[in-house]
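Below is one structure, written out as structure tokens; the observations come after it.
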Amino acid sequence: MPKEKDLKEDIEKLKGECEEYLNGWKRAKADLANYKKDELKRLEELVRFANEDIIRDLLNILDSFDLALQAMEKSGEVEKGVYLIQNQLEDLLRRRGLEKMDVQEGQLFDPSMHEAVMVTDGPDEKEGLIAEEIEKGYVLNGKVMRPAKVKVYKHQEK
Amino acid sequence: MAKILGIDLGTTNSAMAIVEGGDPKILENVEGNRTTPSVVAMSKSNERLVGLLAKRQAITNPQNTIASVKRLIGRKFKDPEVQKDKKISSFEIREAADGGVEIKMGDKWHKPEEISAMVLGKLKKDAEEKLGESIEEAVITVPAYFDDSQRQATKNAGEIAGLKVRRIINEPTAAALAYGIDKQKDEKVVVYDFGGGTFDISVLEVGDNTVEVKATGGDTHLGGDDFDQLIMEHLIKEYRKQEGVDVSKDPLALQRLREAAERAKHELSTSVETEVNLPYITSDASGPKHFVMKLTRATIEELTKDLIDRSIDLVKEVVTSPTPRGAGLQLSDIDEILMVGGQTRMPMMREAVKELFGKEPHLGINPDEVVAVGAAIQAGILQGDVKDILLLDVTPLSLGIETLGGVFTKLIEKNTTIPTSKSQIFSTAADNQTSVEIHVLQGEREMATDSKTLGRFILDGLPPSPRGVPQVEVSFDIDANGILNVKAADKATGKSQSVRIEATTALSKEEIEKLKQEALEHASDDKAKRELVDVRNQGEALVYTAEKALKDAGDKIPGDVRKEIEDKINDLKGATKGEDAAKIKNASESLSSSLQKVGQILYKKDSGNSEGGEDEKTPKSE
């Protein structure tokens with residue numbers, strides 16, 4: 001016949017183990033639940049990221065398109081169809097959430113949207129304002145995909 | 001438990017990583033980038049900018065944009081390094097009361113550690129946002145040549161940013177940790193770190209969990225940016241030769257060219273030729289001009305050869321010069337070479353290092369991230385990985401049953417974490433088959449005969465029915481102790497049989513390795529064998545379907561069509577007896593196309609009764 005004290009010890013020990021195992025089980029279940037959530041999020045991100053990648057590569061082509069049209073306009077009439085193709089491309093990208101930044105001369109330079117690649121002499125009151133857009137900027141679903149490259153007015157220090 | 005952040009506080013860029021679930025992981029900043037420029041600025045409107053934003057406005061505000069503060073941290077103002085940097089800095093620096101350096105940003109004078117703290121503060125905040133928990137501790141890396149004062153200042157920077165700095169570790173040591181070579185005994189390691197703006201060489205002696213820095217060297221003003229610059233200059237020069245136009249005066253052209261040069265450099269690390277294609281780069285009197293130029297790997301290698309040669313000379317010097325200037329070793333004494341920094345992706349650079357030591361350098365971990373990864377690993381060690389109450393085992397080998405044609409069909413793949421269970425429905429291979437044998441197998445081979453038998457049992461009492469109709473559910477269940485229960489149940493009658501196998505994991509490590517090795521060696525043989533069986537099974541199923549179709553259709557089928565099909569059935573039957581998979585396949589395809597005629601005829605006659613074929617796996621018949 002085991003002593004009462006021993007039995008009590010056993011119970012305590014078993015209680016402890018029970019607690020430990022239950023916790024471990026809960027933890028494992030929680031881990032799995034969390035993993036599932038993370039995995040879902042990761043998959044979504046993966047799809048988005050894959051899209052982002054290809055859209056990023058397309059920006060250079062959009063640039064070239066703009067330049068081509070500018071050059072053609074200069075030398076004469078541009079076939080309307082070419083504009084339509086440009087529209088098609090821009091429409092497609094807009095549906096995916098791509099927006100062209102609207103940058104104007106005299107707008108305040110904002111490093112969260114713009115990247116200064118040059119400065120130019122300007123009057124005092126224009127200090128820190130955008131002088132010229134050099135390369136177009138794009139926003140994808142609210143996130144800056146490529147900052148607009150700009151020239152900024154800077155009053156030369158005396 | 002709060003996590004400890006691993007931080008690579010770089011001269012030009014910084015990165016951070018964390019250990020999660022036992023694996024180090026780089027954390028992105030809020031802008032979504034894996035590295036953050038180590039730049040801080042005070043804007044005109046007295047707004048403090050850190051990282052990418054500070055970098056973007058740098059040229060509009062050079063006096064208040066602080067970059068490369070790592071070159072100043074913990075140094076005396078009189079230090080020749082500081083004096084050298086003072087000449088090229090766009091911001092103002094002066095001597096502090098204690099002899100250190102002070103930097104002017106906005107209206108205030110700051111210590112370099114305060115500037116570094118702003119970078120660290122951003123990393124901390126971004127990491128907290130990303131992880132959704134607060135970060136209070138960090139491991140920060142510094143170059144191996146940093147002295148006590150520089151290390152202390154870096155530590156202070158962490159504390160100012162609100163981080164308890166658990167440890168300052170050397171960048172090359174972090175790289176060694178990331179590659180897991182810190183545990184090896186008595187090895188000499190060279191870390192070749194070619195960053196954006198600095199080139200560091202370290203010679204380490206690794207032994208029994210200790211890492212000793214034997215020598216350091218390099219060039220604090222040599223980096224990947226120099227490569228970009230050379231490539232761009234080359235493009236401009238070539239274009240001038242080709243078209244007589246100088247594009248360096250046109251800001252848009254220059255901008256596009258700069259991006260294209262960097263892209264070309266990256267591409268030429270993996271391919272030998274690329275094309276820089278920039279339509280409408282500029283225009284002159286004759287109209288628009290395009291920039292189309294082929295750039296080969298050989299060209300950029302020639303352009304940058306001097307830079308690489310210089311780095312190799314420096315390595316030689318650091319390794320072979322007598323102490324204390326160098327490590328006093330022979331090049332052949334070096335056991336391992338680690339490549340760190342984005343520029344080390346360049347194949348010629350790797351080749352040059354390989355040639356110098358006559359050994360392959362370690363690759364594999366992203367060279368831009370390897371230091372941060374190492375810092376995170378150190379953080380993980382300090383953190384003392386959360387005690388795993390539940391140690392989960394895995395099945396070392398795949399488990400499954402034998403199916404038609406002696407194929408080993410796996411139900412539980414190797415390396416599945418246990419406890420686990422899996423079930424699959426099987427059917428019969430012959431008409432009126434009333435029993436199935438469940439042959440439980442273990443191994444990595446494709447065929448049952450090459451695998452280990454764990455047990456077998458018979459499930460009988462299936463009601464007689466055509467092949468493929470009965471549904472026998474076979475379920476495998478392994479409990480936490482590795483005990484396997486296999487059960488087969490007939491869905492129609494509810495009859496079931498099972499077997500309990502105790503010794504699924506009672507194989508020694510060597511046995512398991514041997515079995516895996518065998519599987520690897522026989523992989524292609526096994527695959528061919530397996531394919532043959534699969535093709536043969538499909539062929540036999542087709543013969544069955546065809547015969548049944550002929551029987552069901554009766555005299556609705558004209559004699560010539562019937563004859564054609566019967567001939568082809570015989571061809572296929574003959575083929576399935578042989579070993580030629582292609583022949584079986586051809587005969588199957590041929591029969592299958594003729595069989596379609598039966599369908600067409602029957603559909604024309606009446607649009608009823610059609611029979612769907614089954615493609616289920618069927619256990620071996622008794």
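As they're listed, the protein sequences go chains A and B. Okay, so the first sequence: first residue is 1 according to UniProt numbering, each after it adds one. Okay, so the second sequence: first residue is 1 according to UniProt numbering, each after it adds one. By construction, the Cβ of each residue, glycine as well, lies at the ideal position given by its N, Cα and C atoms. Here the structure is a predicted model, which means the values were calculated and not measured.
Assuming contact is defined by CB atoms lying nearer than 8 Å, are K25/B and I135/B in contact in what I supplied? Stepping through the second sequence from its first residue, residue 25/B is reached at position 25. Stepping through the second sequence from its first residue, residue 135/B is reached at position 135. By the CB criterion at 8 Å, K25/B and I135/B fall outside the cutoff.
Go ahead and pull the three-state DSSP assignment for N609/B. As a position in the second sequence, residue 609/B is number 609, starting the count at 1. Caution applies to N609/B, whose pLDDT of 46 falls short of 50 and renders its modelled position unreliable; the value that the coordinates give is listed next. In this structure, N609/B counts as coil in the three-state DSSP scheme.
Looking only at its chain, what residues have a beta carbon closer than 8 Å to the beta carbon of L356/B, apart from the 5 residues adjacent to it on each side? For the purposes of this step, residue 356/B is taken as residue 356 along the second sequence, with counting starting at 1. Once the five neighbours on either side are set aside, the close Cβ partners of L356/B are I312, V315, K316, L331.
Going straight from the alpha carbon of T65/B to that of E92/B, what length do you get? Working through the second sequence from its first residue, we reach residue 65/B at position 65. Working through the second sequence from its first residue, we reach residue 92/B at position 92. Rounded to the nearest angstrom, the two C-alpha atoms are 10 Å apart.
For a test of the three-state rule: what should DSSP assign to Y239/B, helix, strand or coil? Translated into positions along the second sequence, residue 239/B becomes position 239. Here Y239/B sits in helix by DSSP.
If you drop the 5 nearest sequence neighbours on each side, which residues of the same chain put their C-beta closer than 6 Å to that of E540/B? By one-based count along the second sequence, residue 540/B stands at place 540. Excluding residues within five positions, the ones whose Cβ falls inside 6 Å are T576.
With 8 Å as the threshold, decide whether the Cβ of P112/B is near any Cβ in chain A. What you label residue 112/B is simply residue 112 of the second sequence in a count that begins at 1. Closer than 8 Å: no.
The beta strand (DSSP E) with I140/B in it runs from where to where? Taking the first residue of the second sequence as position 1, residue 140/B is located at position 140. Where I140/B is concerned, the enclosing beta strand (DSSP E) starts and stops at 137-142.
Would you give the residue range spanned by the alpha helix (DSSP H) that L278/B belongs to? Position 278 of the second sequence holds residue 278/B. From DSSP, L278/B is part of no alpha helix (DSSP H) but of the beta strand (DSSP E) over 273-284.
Can you list the alpha helix (DSSP H) stretches of 4 or more residues lying completely in the segment 361-386 of chain B, in chain order? Runs of the alpha helix (DSSP H) inside the segment 361-386 of chain B: 370-383.
Can you tell me the Cα-Cα spacing of A71/A and E81/B, whole angstroms? For the purposes of this step, residue 71/A is identified with residue 71 of the first sequence, where counting begins at 1. For the purposes of this step, residue 81/B is identified with residue 81 of the second sequence, where counting begins at 1. Spanning the two alpha carbons is a distance of roughly 50 Å.
When DSSP labels each residue in this structure, what does S475/B get in the three-state scheme? Sequence index remark: in the second sequence, residue 475/B carries index 475 (1-based). It is a strand residue.
Buried or exposed for P172/B, please, with buried defined as at least 16 other CB atoms from any protein chain shown within 10 angstroms of its CB. Along the second sequence, one-based indexing puts residue 172/B at 172. By the neighbour-count criterion, in which 16 or more other beta carbons inside 10 Å mark a residue as buried, P172/B falls on the buried side.
Taking only three categories from DSSP, how would you classify V339/B? Translated into the one-based positions of the second sequence, residue 339/B becomes position 339. At residue 339/B the sequence reads Met, which differs from the Val that was named. Here M339/B carries a strand assignment [DSSP, helix/strand/coil].
Using DSSP with H/G/I as helix, E/B as strand and the rest coil, what is A127/B? The residue labelled residue 127/B in the question sits at position 127 within the second sequence. Three-state result, A127/B: helix.
Whole angstroms is fine: what's the gap from D450/B's alpha carbon to K188/B's? Counted from its first residue, the second sequence places residue 450/B at position 450. Counted from its first residue, the second sequence places residue 188/B at position 188. So the alpha carbons of these two residues sit roughly 45 Å apart.
In angstroms, rounded to a whole number, what distance separates the CA positions of A17/B and S423/B? As a first step, residue 17/B must be located in the second sequence, where it is residue number 17. As a first step, residue 423/B must be located in the second sequence, where it is residue number 423. For the pair A17/B and S423/B, the Cα-to-Cα distance works out to about 40 Å.
Best match in V30/B, H110/B, T409/B, K55/B for proximity to K124/B [C-alpha to C-alpha]: Along the second sequence, one-based indexing puts residue 124/B at 124. Distance check between K124/B and each of V30/B, H110/B, T409/B, K55/B places V30/B closest, using alpha-carbon atoms only.
Taking Cβ positions only, does S248/B come closer than 8 Å to chain A? By 1-based counting over the second sequence, the position of residue 248/B is 248. Not an interface residue.
For the segment 115-135 of chain A against the segment 334-342 of chain B, do three or more pairs of beta-carbon atoms, one drawn from each stretch, fall closer than 8 Å, so that the two count as touching? Two segments are said to touch when three or more pairs of C-beta atoms, one from each, lie closer than 8 Å; by this definition the segment 115-135 of chain A does not touch the segment 334-342 of chain B.
Looking only at its chain, what residues have a beta carbon closer than 7 Å to the beta carbon of I337/B, apart from the 5 residues adjacent to it on each side? The sequence position of residue 337/B within the second sequence is 337, counting from 1. Only V190, Y192, V353, F357, K359, P361, H362 meet the Cβ criterion.
By the criterion of Cβ-Cβ separation under 7 Å, what are the contact partners of S283/B in chain A? Translated into the one-based positions of the second sequence, residue 283/B becomes position 283. For S283/B, the chain A residues whose Cβ falls inside 7 Å of its Cβ are A71, in order along the chain.
With a cut-off of 8 Å, does the C-beta of D239/B fall near any C-beta of chain A? The residue given as residue 239/B occupies position 239 in the second sequence. A quick correction: the sequence has Tyr, not Asp, at residue 239/B. Y239/B has a beta carbon lying at 8 Å or more from every beta carbon in chain A.
Minimum length 3: unbroken beta strand (DSSP E) runs contained in the segment 421-471 of chain B: If we require 3 residues or more, the beta strand (DSSP E) runs fully inside the segment 421-471 of chain B come out as 436-442, 452-459.
Among residues of its own chain, excluding the 5 on either side of P62/B, which ones have a beta-carbon nearer than 6 Å to its beta-carbon? Within the second sequence, numbered from 1, the residue matching residue 62/B stands at position 62. S90.
Label V440/B either buried or exposed according to how many other C-beta atoms from any shown protein chain fall within 10 Å of its C-beta, with 16 as the threshold for buried. By one-based count along the second sequence, residue 440/B stands at place 440. Under the 10 Å beta carbon count, V440/B is surrounded by 16 or more other beta carbons and is classified as buried.
Can you look up P147/A in the DSSP assignment and give me helix, strand or coil? Numbered from its first residue, the first sequence carries residue 147/A at position 147. Coil.
Do A54/B and T35/B have their C-beta atoms within less than 8 Å of each other? Counted from its first residue, the second sequence places residue 54/B at position 54. Counted from its first residue, the second sequence places residue 35/B at position 35. Not closer than 8 Å, so no.
Looking at C-beta atoms only, is the number of pairs between the segment 573-588 of chain B and the segment 547-565 of chain B that lie closer than 8 Å three or more? No, they do not touch.
Write down every uninterrupted run of the alpha helix (DSSP H) in the segment 178-248 of chain B whose length is 4 residues or greater and which is fully enclosed by it, in chain order. For the segment 178-248 of chain B, whole alpha helix (DSSP H) runs of length 4 or above, ordered along the chain, are 224-243.
Helix, strand or coil at P111/A [DSSP, three-state]: Sequence index remark: in the first sequence, residue 111/A carries index 111 (1-based). The three-state reading of DSSP puts P111/A in coil, since its state is none of H, G, I, E or B.
Can you give the beta carbon distance from A581/B to V543/B, rounded, assuming they're within the 8 Å contact cut? As a position in the second sequence, residue 581/B is number 581, starting the count at 1. As a position in the second sequence, residue 543/B is number 543, starting the count at 1. Contact between A581/B and V543/B fails: their C-beta atoms lie close to 16 Å from each other, not under 8 Å.
For K294/B, decide whether its Cβ has a neighbour in chain A, counting only Cβ atoms nearer than 8 Å. Indexing the second sequence from 1 puts residue 294/B at position 294. When Cβ-Cβ separations below 8 Å define contact, K294/B makes no contact with chain A.
Three or more C-beta pairs closer than 8 Å, one from the segment 132-149 of chain B and one from the segment 159-167 of chain B: is that the case here? Note that the segment 132-149 of chain B touches the segment 159-167 of chain B; at least 3 beta-carbon pairs, one per stretch, sit closer than 8 Å.
When you compare the CB positions of V213/B and A298/B, do they come within less than 8 Å of one another, or not? The count along the second sequence starts at 1 and reaches residue 213/B at position 213. The count along the second sequence starts at 1 and reaches residue 298/B at position 298. No, the Cβ-Cβ distance between V213/B and A298/B is not below 8 Å.
How about V371/B and A523/B: are their beta carbons less than 8 Å apart? The residue labelled residue 371/B in the question sits at position 371 within the second sequence. The residue labelled residue 523/B in the question sits at position 523 within the second sequence. No, these two residues do not count as a Cβ contact at 8 Å.
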